[in-house]
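Okay, so here's the structure we're looking at.
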Amino acid sequence: MPISQVTEQDENFAESYLKKFFNLTEESGPTVRRGISPMSKKVSEMQRFFGLQITGMLDADTMAMMKKPRCGVPDAQTAH
Amino acid sequence: YSTFGNNLKWQKNSLTYRIENYTPDMTKSEVDDSIEKALQVWAKVTPLRFTRIYRGIADIMISFGTRDHGDYYPFDGPDGTLAHAFAPSSGIGGDAHFDDDETFTHRSNAGYVLFMVAAHEFGHSLGLSHSDDAGALMYPVYSYRNPDTFVLPRDDVNGIQSLYGPNPDKDPSVPEPKPPKTPDACDSTMVLDAVTTLRGEMLFFKDSFLWRSYPQSNTPQQSLITNFWPSAPVNIDAAYESRVSDRILLFKDRKVWAFTGYNPVPGYPKPLTSLGLPSHVRKIDAALYDTRSRKTLFFVGNSYFSYDEARRTMDRGFPKRINQTFSELTNKVTAAFQYRGFTYIYSGPYMYEYNLKTRRLYRVLRNSYFLRC
Chain V
1389 MPISQVTEQD ENFAESYLKK FFNLTEESGP TVRRGISPMS KKVSEMQRFF GLQITGMLDA
1449 DTMAMMKKPR CGVPDAQTAH
Chain D
11 YSTFGNNLKW QKNSLTYRIE NYTPDMTKSE VDDSIEKALQ VWAKVTPLRF TRIYRGIADI
71 MISFGTRDHG DYYPFDGPDG TLAHAFAPSS GIGGDAHFDD DETFTHRSNA GYVLFMVAAH
131 EFGHSLGLSH SDDAGALMYP VYSYRNPDTF VLPRDDVNGI QSLYGPNPDK DPSVPEPKPP
191 KTPDACDSTM VLDAVTTLRG EMLFFKDSFL WRSYPQSNTP QQSLITNFWP SAPVNIDAAY
251 ESRVSDRILL FKDRKVWAFT GYNPVPGYPK PLTSLGLPSH VRKIDAALYD TRSRKTLFFV
311 GNSYFSYDEA RRTMDRGFPK RINQTFSELT NKVTAAFQYR GFTYIYSGPY MYEYNLKTRR
371 LYRVLRNSYF LRC
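Listed in order, the protein sequences are those of chains V and D.
If you're matching positions, the first sequence starts at 1389 in this note's numbering and goes up one per residue.
If you're matching positions, the second sequence starts at 11 in this note's numbering and goes up one per residue.
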């Protein structure tokens, strides 16, 4: 699924997924203006964890993995 | 594997559990059985022992709930999040919650097998976090496995024993199934069980796993064979895509399974003789469909057969000796498939690239050539 076909709904789903399982926090501050967005960083982190191609962008494989049934415990270390 | 860290583990080996309520999907005894078996998965490989209590506060409180169920981590309705559990500690620590908007089953894949979901969550209850090993029980994504044949994978055994050590009561004289290891696509010594195309994709089979590679994706994705076809065999001998019937056929020992897409074809598995193979053939080593001649080649030992699937007849003059036709192939054929007009025959850790019409060998490559290491 080329990037252009990622819908806004996909974007919202992905953002909620990354907040829930990969500690994505709200975007704020200067980093938004420069460099890789926090969202893209978290997408890369998620792609690395699941052995997907690491692009930092939402693509068919990534969306398909996000939509698989799964455990509710986050994947990033959240011991406390 | 990974653990929660911060020494988040139980400081005792005797733990209590209590089932607070039940899902309407299963009988009470099925739920009890699933929960008890799921805890035994971990007890088998550690000093941990679990005792059920019926009132009061247990270390591991087990409950079914939907949406907001009182722990600030609301469930999300059908599918999506199936359950969650908390790391060892007092209070909510160790507790496991199951989303009752899911359909849980005792054994069938018509829903989510409670035993599998519970065994995973109890890994968290005992101190394990998620593993990125696609074959591990602690991999975050659900995958169907047959609860009757389930063996805790090596990655999970290493993880839980890093917290609690091995089971001191294990009787070394009693043989136990070996914890399965997840194969590594880039292991240069790996010998694949089977390779096939499937509707434009390539599937590589090894043990209970497959890698799926398709043109739009640079990274082959590993998953359990049973994730695609719950009733499929593992550790298969051969596989091929039938263009005649638009099916994928998987071979193991004297039987052949057929699937159209994800769906098993009724009437399968069938005996190998149903594909024209003589009754003395006990297994095949590899199979490939030649799109040009529309024949299926079955490799058996040092010979190969040519089968006309449309006519359901074995071609005259077969079996032939493999090295009569493919002189470079001196060892057993382990897998075979055709891709973009070239025929690839695997033998040990190598893959031979042929033009089947001219029998010309172009290249000798490593097994991992298509696995993009």
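Glycine residues also receive a C-beta, built at the ideal position from the N, C-alpha and C atoms.
| task | State the Cα-Cα distance for the pair asparagine 177 of chain D and leucine 58 of chain D, rounded to the nearest angstrom. | result | 8 Å
| message | Determine, for leucine 381 of chain D, whether the minimum Cβ-Cβ distance to residues of chain V falls below 9 Å. | response | no
| Applying a beta-carbon distance threshold of less than 7 Å, which residues of chain V neighbour glycine 90 of chain D? | Neighbours of glycine 90 of chain D on chain V, chain order: Pro1457.
| query | Is the Cβ of histidine 134 of chain D closer than 9 Å to any Cβ of chain V? | reply | yes
| said: Along the chain, where does the alpha helix (DSSP H) containing glutamine 1397 of chain V start, and where does it finish? | reply: 1396 to 1410
| query | By Cβ distance, which residues of its chain are closer than 6 Å to serine 24 of chain D, with the 5 residues on each side in sequence left out? | reply | Cβ within range, chain order: Arg59.
| task | Let me know the secondary structure DSSP gives arginine 1436 of chain V once reduced to three states. | result | helix
| task | Return the chain-ordered list of same chain residues with a C-beta closer than 7 Å to the C-beta of tyrosine 83 of chain D, the five sequence neighbours on each side being excluded. | result | His94
| query | Can you pull the DSSP bridge partners for serine 73 of chain D? | reply | D:His107
| said: Using only CA atoms, which one of D:Phe160, D:Ser135, D:Glu131 lies nearest to tyrosine 149 of chain D? | reply: D:Glu131
| said: For chain V, check one thing: does any of its Cβ atoms lie closer than 9 Å to the Cβ of proline 150 of chain D? | reply: yes
| request: Just the C-alpha distance for valine 343 of chain D and methionine 71 of chain D, rounded to the nearest angstrom, thanks. | output: 53 Å
| field | Contacts of histidine 94 of chain D in chain V (Cβ-Cβ under 8 Å) | value | Cys1459, Gly1460, Val1461
| message | Let me see if you follow: with CB-CB separation under 9 Å, is serine 100 of chain D close to chain V or not? | response | Judged by the 9 Å Cβ criterion, serine 100 of chain D is not in contact with chain V.
| Straight-line gap, glycine 1444 of chain V to tyrosine 27 of chain D (C-alpha atoms, nearest Å) | 42 Å
| query | Do we get a CB-CB distance below 9 Å when we pair glutamate 118 of chain D with the residues of chain V? | reply | Position check: residue 118 of chain D holds serine in this sequence, whereas glutamate was assumed. Taking CB atoms only, serine 118 of chain D has no neighbour in chain V less than 9 Å away.
| chain V contact for aspartate 109 of chain D (CB, 9 Å cutoff) | yes
| query | For the candidate residues V:Gly1423, V:Phe1409, V:Ile1424, V:Ser1425, whose alpha-carbon lies nearest to that of phenylalanine 1360 of chain V? | reply | Since the first residue shown for chain V is 1389 and the last is 1468, residue 1360 of chain V is missing from the structure and cannot be characterised.
| Check whether valine 127 of chain D and phenylalanine 108 of chain D have beta carbons under 9 Å apart | yes
| said: Tell me which residue opens and which closes the beta strand (DSSP E) that serine 252 of chain D is part of. | reply: 248 to 252 is the extent of the beta strand (DSSP E) around serine 252 of chain D.
| task | Give a yes or no on whether 9 Å exceeds the smallest Cβ distance from methionine 1453 of chain V to chain D. | result | yes
| field | Anticipated Cβ contact below 8 Å, lysine 295 of chain D with aspartate 247 of chain D, distance rounded | value | This sequence places aspartate at residue 295 of chain D; lysine is not what is there. Right, the Cβ-Cβ distance comes to about 6 Å (below 8 Å), so this counts as a contact.
| Spatial neighbours of valine 455 of chain D in its chain, beta-carbon cut-off 7 Å, leaving aside the 5 residues before and after | Here chain D comprises residues numbered 11 to 383, so residue 455 of chain D is not present and cannot be evaluated.
| task | Decide yes or no for the touch test of the region 194 to 205 of chain D against the region 355 to 374 of chain D: beta carbon pairs closer than 8 Å, at least 3 of them. | result | yes
| query | Do you know how far the Cα of tyrosine 224 of chain D is from the Cα of leucine 234 of chain D? | reply | Taking the Cα positions, leucine 234 of chain D is about 17 Å away from tyrosine 224 of chain D.
| Near proline 187 of chain D, what residues of its chain come up, given a Cβ to Cβ distance below 6 Å and the 5 sequence neighbours on each side ignored? | Taking C-beta separations shorter than 6 Å and ignoring five residues to either side along the sequence, the partners of proline 187 of chain D in its chain run Val161, following chain order.
| request: Taking serine 73 of chain D as the reference, give the member of D:Leu124, D:Pro98, D:Lys47, D:Ala53 with the closest Cα. | output: D:Leu124
| task | Can you tell me which of the three DSSP states histidine 130 of chain D falls into? | result | Histidine 130 of chain D sits in a helix when the DSSP states are folded into three classes.
| Does the distance from the C-beta atom of lysine 47 of chain D to that of lysine 180 of chain D stay below 9 Å? | no
| request: Would you check if the distance between the CB atom of glycine 286 of chain D and the CB atom of arginine 322 of chain D is smaller than 9 Å? | output: yes
| field | Inter-residue spacing [alpha-carbon to alpha-carbon] between tryptophan 20 of chain D and tyrosine 360 of chain D | value | 48 Å
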